[in-house]
Structures are given as structure tokens and as C-alpha cells.
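Worksheet: one structure, shown below.
Protein chains: 2
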Amino acid sequence: MNQNKKYQYEYDRPALATDCVIFGFDGGELKLLLIEREKEPFKNKWALPGGFVFMNETTEECAKRILLEKAGVKNVFVEQLYTFSDIDRDPRERIVSVAYFALVDKHQYEVIAGRDTLKAEWFELSKLPKLAFDHTKIVKAAFQRLKGKVSYQPIGFELLNEKFTLSQLQALYESILEIEIDKRNFRKKILGMGFLKALEEKEKNVAHKAARFYSFDKKVYKDLTQKGFHFEL
Amino acid sequence: MNQNKKYQYEYDRPALATDCVIFGFDGGELKLLLIEREKEPFKNKWALPGGFVFMNETTEECAKRILLEKAGVKNVFVEQLYTFSDIDRDPRERIVSVAYFALVDKHQYEVIAGRDTLKAEWFELSKLPKLAFDHTKIVKAAFQRLKGKVSYQPIGFELLNEKFTLSQLQALYESILEIEIDKRNFRKKILGMGFLKALEEKEKNVAHKAARFYSFDKKVYKDLTQKGFHFEL
DNA sequence: AGGTTATAGTGTAAAATTAACACTAAGTAG
DNA sequence: CTACTTAGTGTTAATTTTACACTATAACCT
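Here the protein sequences come in this chain order: A and R.
Heads up: the first sequence begins at 5 in my numbering, then just goes up one per residue.
Heads up: the second sequence begins at 5 in my numbering, then just goes up one per residue.
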């Protein structure tokens, strides 16, 4: 794009882009998928995958395209986060960015990631490198949103395998909410909601009693909400 | 601006604008401030005040400028709502709009409104006229946000006079949440939080027992939150 | 002046929810 | 077969929420 010229003389409107915060979870801490920038500015720095919005796509379509093209992620939960418009947030020119966040099942993703040419890597949320642009600010906002939302919308399941154990689910909530939860109370509450389907299958090759798998029953959940049920952890 | 030509041949990026949803309350139903469009498209239709984002302002600064220039509103609570980017949301050209919502003390505002040249009018939320563009969609999103937020952030006070009675406050919550609230339980709970300052002053010229005024004590509220207190109605 | 009308203001008891807490079961590794 | 590790399960006390009805006071009306 226009390298050195002052943007004011080239355009009378800001450029529009999207950036994507991609969350993953593998049992320990919450993780973020970052890509290494290949170009200036911030060449070789870690950044959120992002790109310009085309004239024939909505910002959400753009975010999904970026997710696929730059991170190899598709068919995942995506939600608009916030629009960042600080005037100097990009040193090249005025760029307004509509940020999105995505929740991916990290295990399923490993497969897809191999096909990707860009250098992409998972980082623990508490051990992020310095990020390009205002991306640290965007990540913070995304985590706040996730933390705030996870208690009253069943979006946590998006981060887990289709089959998961209650301990995994609990660990996820503990990780996002940054609190400890009582095991018995947690199970009582979440099972009491009625949308978790107990499967026959159990864990294998674990050096302890194998835990039962559960799955999130979207149909039942939808029925419940239509009857006025309101998810709340 | 470019009237009839296809935008694709003029620009390679969407135009960026903001639209503002302005809420007010005067004891009955929640109200919305709309302005009548003076130009095509949607000439003489009611619409949210909006306008293009300049190169030297953030979208929030733009929203505040629009609020002042088009609605005569200043120094009010403003929060980013959502960014609307449907490709055909504006018939002229591709315009992405970052929507904001504002909460104003309607009584204080009456004074300011007189200075305004544009035709502006308050409408009850349930009796809105057909709006220009996708503004009905924006209004719905704004109300949803307000409804969701009012229970865990003390933003309701922004819609009331500095001095208010508990009945006014309750009516506001009932109006936003679209539920009935028990008077005694409401007062117990809200007073129990400790950030409402009881004033000496009472209502005047009411044909019944005069109610005591209260005010929202921001200092106390801030202290409380820093001590881990979490507002929740 | 006295009665009417309208809203302010107040407490208690039952029900529901949340929080605290410890042991047995089962699978793998050695 | 023993040790280790995590799964899985109920009860009780504390707290929070809900339901509910009467007296007080200011203006208005006659």
C-alpha cells in the first residue's frame, strides 16, 4: 500500500480493516493464536491476524476470510468485539479496525494449522510477547468480553472438543473467570441446567479413573431458552 | 457527495460514519431522540443523527461531535455499540457505520434542544416511526445493550436528573427491563449498596406525600468497586 | 376545616439458592 | 498388588430472594 506519502493527500477517508483475536484452550491456561508479521511495519513481530475490508464483504465476512486465509481457521464461533479508531494506531496511514474474536477447539485446529504458510503460534494469555500496533489493547478487550460473557452465554463449549469431561469444562471456566470453583457445586449446577448430554464413552489411557464424556445439546438448549430459561453460571 | 456513480469506480474503501442512538426518560416510557432528514435519500424521514468520520478524529470523537452538532447534546454518557457494515445499508454508496448510544437527562436537555436548527423529536421506543437506512436494526441493538447492561452497571442514573426519587429510579428500571419490580425489595437492595446519598430536599407540588430526593455518589461508588464490590440489581 | 385521593415509606417470614465440606471408586504405573 | 491420581457423589448452614399490606403525608376538593 502507500508507503511513505502522507495519507491525508491520498484519501479523504480512513482505511477499514479487521483484526481477529483467536482463543484456544487445551486444559491448562487460555491461549491465543498469533501470527508473525512478514512485512513492515513491525516486521517479524507477533500480531493478530488482520486485513483490509473489501468493498463486497461485510466486516464479519472479512473477519472470517482473514481467519481462514491467515490462520487456517474455519467454521468457528466469531463475534464482533469493538472498533478501534485511534488516529495513530497504524504508522502507515489512518486505519480503523473492527476487531472480532473467535473461539476455536484447539485440538481440531492442529490439523488445519499444518496447511498454513504463515508462521502461527499459540501463546498463553499470561505470557504474550509484545504485539504489533495496538493489538495488546485489543487482546485485553477481547479477554474482558470473553470473561464477562462466559457466565451468561454458553460459549465456553466452543473452546472444547465436541466430547468433553466435566473436569475439562470446569478447568475452562476457572481459567477464563480466574477463580476456583467447587467441583460438586459446579457439577450440580451445570448438570441441573439439563442441556448436557451424558455419553457412554469415557476417557482412555489416563492414569486414573476414566471420566465420562458429555456433549452440549444445542437442540435442548434452544428449546430451554425459548421456554424462558436463562443460562447463568 | 458522489450522487449517482457506482462507488466501486470512485473509491477502493468503504466510507466510515457514525450513528447515534440517544435515549431519554421522563417517568413514563423510554424515549429516543430522532432527527428528520433534510436531504435524500430518505428525505423527510426520521433517522438517527449521524455523519462521516473525519481523518483527524476517532469514531468516538465523531459521535460526540454529531451529538452536539445534530442534536445539541453534550457532556453525556456515550458508549460504542456495534459496527454495522451491510453492503447495501446505504443506497448512495458503501458506508460502514460505527454506532454509539448516548444516555441523556431529558429534562436538562430540553433547554439545549431549543438552540437546534434541525427538526428533532422524542419518540416513545414502542411507537417509533419507520426509520431511514438500517436504523431500526441499530435501535434494537442499542436497546438490547442498554437492557443487558443496566443490571450490572450503574448507568441508569445517566437518564435521570442529578436529584431523583427512588420511585423514579424504580420506574426507570421497570421501563428498561420491561418487568415489574417490588417496591420494598427494590429500595432495600439499591439502598443497601450504599452509594445513594439521601438528600434533605423533597419533591414539591405533588398531590401526595412528597418523596425524598437521592443522588448517585460517584466517589462512594468508585471506592466500593475498588474494594471488589460489584453492582448488580 | 375535613374528607378524598394519590403516592411515599416501611419489616417480616417463607422459599430458593449458594457455599462449604470429605470420602469412595476406578484406572494406570510401577 | 500397591501407590498414585483424578472421578464422582450429598448434606447442612448461610445467604439471598421473594412475597406481601398497612400507615404517613401532601395537595385538592367541597
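A virtual CB, placed ideally from N, CA and C, is assigned to each residue, including glycine.
(request) Return the CA-CA distance between residue 47/A and residue 75/A, expressed in angstroms with no decimal places. (result) Position 43 of the first sequence, counted from the first residue, corresponds to residue 47/A. Position 71 of the first sequence, counted from the first residue, corresponds to residue 75/A. If I take the Cα positions, the gap works out to 18 angstroms.
(message) For a quick check, are the C-beta atoms of residue 64/R and residue 80/R less than 9 angstroms apart?
(response) On the second sequence, residue 64/R is found 60 positions in, with the first residue counted as 1. On the second sequence, residue 80/R is found 76 positions in, with the first residue counted as 1. Not in contact: residue 64/R and residue 80/R (Cβ atoms no closer than 9 angstroms).
(request) Please decide whether residue 84/A counts as near chain R, where near means a Cβ-Cβ distance under 9 angstroms. (result) As a first step, residue 84/A must be located in the first sequence, where it is residue number 80. Chain R contact via Cβ: present.
(request) Return helix, strand or coil for residue 80/A, following the three-state DSSP convention. (result) For the purposes of this step, residue 80/A is taken as residue 76 along the first sequence, with counting starting at 1. DSSP places residue 80/A in coil when its eight states are reduced to three.
(message) Beta-carbon within less than 6 angstroms of residue 225/A's beta-carbon, same chain only, minus the 5 sequence neighbours each way: which residues are those?
(response) In the first sequence, the residue the question calls residue 225/A occupies position 221. Counting only Cβ-Cβ distances below 6 angstroms, and skipping sequence neighbours, we find 199.
(request) Can you tell me which of the three DSSP states residue 219/A falls into? (result) What you label residue 219/A is simply residue 215 of the first sequence in a count that begins at 1. Here residue 219/A sits in strand by DSSP.
(request) Measure the alpha-carbon distance for residue 180/R versus residue 160/R and round it to whole angstroms. (result) Residue numbering aside, residue 180/R sits at position 176 when the second sequence is read from its first letter. Residue numbering aside, residue 160/R sits at position 156 when the second sequence is read from its first letter. About 9 angstroms.
(request) Report the option in 171/A, 20/A, 233/A and 60/A whose CA atom is closest to the CA atom of residue 157/A. (result) Taking the first sequence and counting its residues from 1, one reaches residue 157/A at position 153. Cα-wise, what sits closest to residue 157/A is 233/A.
(request) Assign residue 98/R to buried or exposed, taking buried as 16 or more other Cβ atoms, counted over all protein chains shown, within 10 Å of its Cβ. (result) Along the second sequence, read from residue 1 onward, the residue named residue 98/R stands at position 94. Buried is the call here.
(message) I want to know whether the stretch 86 to 103 of chain A touches the stretch 14 to 27 of chain A - three or more CB-CB distances under 8 angstroms.
(response) yes
(request) State yes or no: is the beta carbon of residue 61/R nearer than 9 angstroms to at least one beta carbon in chain A? (result) The residue labelled residue 61/R in the question sits at position 57 within the second sequence. Cβ-Cβ to chain A under 9 angstroms: yes for residue 61/R.
(request) Give the range of the beta strand (DSSP E) segment to which residue 101/A is assigned. (result) Working through the first sequence from its first residue, we reach residue 101/A at position 97. Where residue 101/A is concerned, the enclosing beta strand (DSSP E) stretches over 99 to 107.
(request) Below 9 angstroms between beta carbons is the criterion; list the residues of the stretch 177 to 200 of chain A that meet it against any residue of chain R, in chain order. (result) none
(request) Given a cut-off of 9 angstroms, decide if residue 90/A and residue 300/R are closer than it, judged by their beta-carbon atoms. (result) Since the first and last residues shown for chain R are 5 and 237, residue 300/R lies out of range.
(message) Would residue 17/R pass as an interface residue toward chain A - the criterion being a Cβ-Cβ separation below 9 angstroms?
(response) Taking the first residue of the second sequence as 1, we reach residue 17/R at position 13. By this cut-off, residue 17/R is an interface position.
(message) I'd like the span of the beta strand (DSSP E) that includes residue 22/A, first residue to last.
(response) Residue numbering aside, residue 22/A sits at position 18 when the first sequence is read from its first letter. Segment 19 to 29, the beta strand (DSSP E) holding residue 22/A.
(message) With DSSP as the reference, identify every bridge partner of residue 88/A, one or two as the case may be.
(response) Position 84 of the first sequence, counted from the first residue, corresponds to residue 88/A. Answer is 101/A, bridged to residue 88/A.
(message) Just to check my reading of the structure: residue 26/A and residue 36/A have Cβ atoms closer than 8 angstroms, yes? What is that Cβ distance to the nearest angstrom?
(response) Position 22 of the first sequence, counted from the first residue, corresponds to residue 26/A. Position 32 of the first sequence, counted from the first residue, corresponds to residue 36/A. Confirmed, about 7 angstroms.
(message) Any C-beta of chain A within less than 7 angstroms: which residues of the stretch 100 to 117 of chain R qualify?
(response) 100 and 102
(request) Check whether the Cβ of residue 56/A lies closer than 9 angstroms to any Cβ atom in chain R. (result) Here residue 56/A is taken as the residue at index 52 of the first sequence, counted from 1. It does; some Cβ of chain R falls within 9 angstroms.
(request) Compute the distance between the beta-carbons of residue 143/R and residue 52/R, then report whether it is under 9 angstroms. (result) For the purposes of this step, residue 143/R is taken as residue 139 along the second sequence, with counting starting at 1. For the purposes of this step, residue 52/R is taken as residue 48 along the second sequence, with counting starting at 1. Yes, these two residues count as a Cβ contact at 9 angstroms.
(request) Could you name the residues of the same chain whose beta carbon sits closer than 6 angstroms to that of residue 190/A, not counting the 5 residues immediately before and after it, in chain order? (result) Your numbering for residue 190/A matches position 186 in the first sequence. Correct list, in chain order: 174.
(request) Tell me, please, whether the CB atom of residue 30/A is closer than 9 angstroms to any CB atom in chain R? (result) For this step, residue 30/A is matched to residue 26 along the first sequence. Not an interface residue.
(message) Once the 5 residues before and after residue 202/R are set aside, which same chain residues still bring their CB inside 7 angstroms of it?
(response) As a first step, residue 202/R is located in the second sequence; it is residue number 198 there, counting from the start. Excluding positions up to five away in sequence, the list reads 216 and 218.
(message) Out of 192/A, 166/A and 146/A, which one is the CA nearest neighbour of residue 221/A?
(response) For the purposes of this step, residue 221/A is taken as the residue at position 217 of the first sequence. Selected option, being the one with the closest Cα: 166/A.
(message) I want to verify the contact list: residues of chain R whose CB lies under 9 angstroms from the CB of residue 216/A, in sequence order.
(response) Taking the first residue of the first sequence as 1, we reach residue 216/A at position 212. Those do not exist, as residue 216/A stays about 34 angstroms from chain R at its closest Cβ, beyond 9 angstroms.
(request) Taking only the alpha-carbon atoms, compute the straight-line gap between residue 183/A and residue 111/R and give it to the nearest angstrom. (result) Against the first sequence, residue 183/A aligns to sequence position 179. Against the second sequence, residue 111/R aligns to sequence position 107. In a straight line, the C-alpha of residue 183/A is about 44 angstroms away from that of residue 111/R.
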